[in-house]
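Numbering (my numbering), first residue to last: 106 to 253. Glycine included, C-beta positions come from ideal geometry on N, C-alpha and C. Reviewing the structure listed below.
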Amino acid sequence: MTRLFHVHEAHLPSGAVIQPGRWGARVLKQGRAHPFFFREHLLEIWRREKTSVGVSRFSCTFAHETPEQASNYASPGEAILPVVPAVPEAPHVRLDMLWLTWMSEPGVTTDNVIQWCASYWAGHATSDLKPEAIPSWEWLFACPLVVI
């Protein structure tokens, strides 16, 4: 697999291992105070009930295809690290994060959220619905990532 890019709160040296589940632990620890608490639970319920995707957002490691895409989701001071999965054959999935952004926009209807949740987990590109959209691909891995 080609290298991908991971957003991390600290710069890590080559060979460092990033364990899965950090995002999920943060969401669950903060509970309702976390800005994406309910969205993440909705996505997890949908994944479990409506898909065969074997990777949970609560227990995965995330990576982006380009450093530019990763920087769009980084907070000031966070590092963008080149990574590869520690276990290339581990379950993984490629999904368009722009569906999640659309879910949080003003005026979104329940029907929109249902359609976009389904499209996200199906791996569809947002540009399939709106040709002017620029997909933002993320990879979810059920294994650690290794900094290269």
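Under the assumption that residue i contacts residue j (Cβ atoms under 8 angstroms), give the Cβ distance between them as a whole number of angstroms.
{"i": "tryptophan 244", "j": "histidine 197", "result": "6 angstroms"}
{"i": "serine 164", "j": "proline 125", "result": "6 angstroms"}
{"i": "leucine 117", "j": "alanine 168", "result": "About 14 angstroms separates the two Cβ atoms, so there is no contact after all."}
In its own chain, which residues sit with a C-beta less than 7 angstroms from the C-beta of residue i, not counting the 5 before and 5 after it?
{"i": "methionine 289", "result": "The requested residue 289 is not part of the displayed model; the chain covers only 106 to 253."}
{"i": "aspartate 152", "result": "The question names aspartate, yet the displayed sequence has arginine at residue 152. Hits under 7 angstroms: Val158, Ser161 and Trp226."}
{"i": "glutamate 114", "result": "Glu183"}
Could you check which residue in the options has the C-alpha nearest to that of residue i?
{"i": "leucine 147", "options": "Phe167, Leu205 and Thr171", "result": "Leu205"}
{"i": "alanine 195", "options": "Ala138, Pro249 and Arg131", "result": "Pro249"}
{"i": "lysine 155", "options": "Lys235, Ala223 and Val189", "result": "Ala223"}
{"i": "proline 190", "options": "Arg137, Glu170, Asn177 and Gln174", "result": "Glu170"}
Whose C-beta lies closer than 8 angstroms to the C-beta of residue i among residues of the same chain, with five residues either side of it excluded?
{"i": "valine 132", "result": "His139, Phe141, Phe142, Glu145 and Phe163"}
{"i": "serine 203", "result": "The sequence as given places leucine at residue 203; serine does not occur at that position. If we look at leucine 203 and ignore the five residues flanking it on each side, its Cβ neighbours are Thr231, Ala238, Ile239, Pro240 and Ser241."}
> What are the uninterrupted segments assigned as beta strand (DSSP E) that are 3 or more residues long and contained completely in the region 120-176, given in chain order?
Replying inline: 166-169
> Hey, is the region 170-185 in contact with the region 228-236, meaning 3+ C-beta pairs nearer than 8 angstroms?
Replying inline: no
> Counting only runs that start and end within the region 184-209, where is the beta strand (DSSP E) found for 3 or more residues in a row?
Replying inline: 184-190 and 197-201
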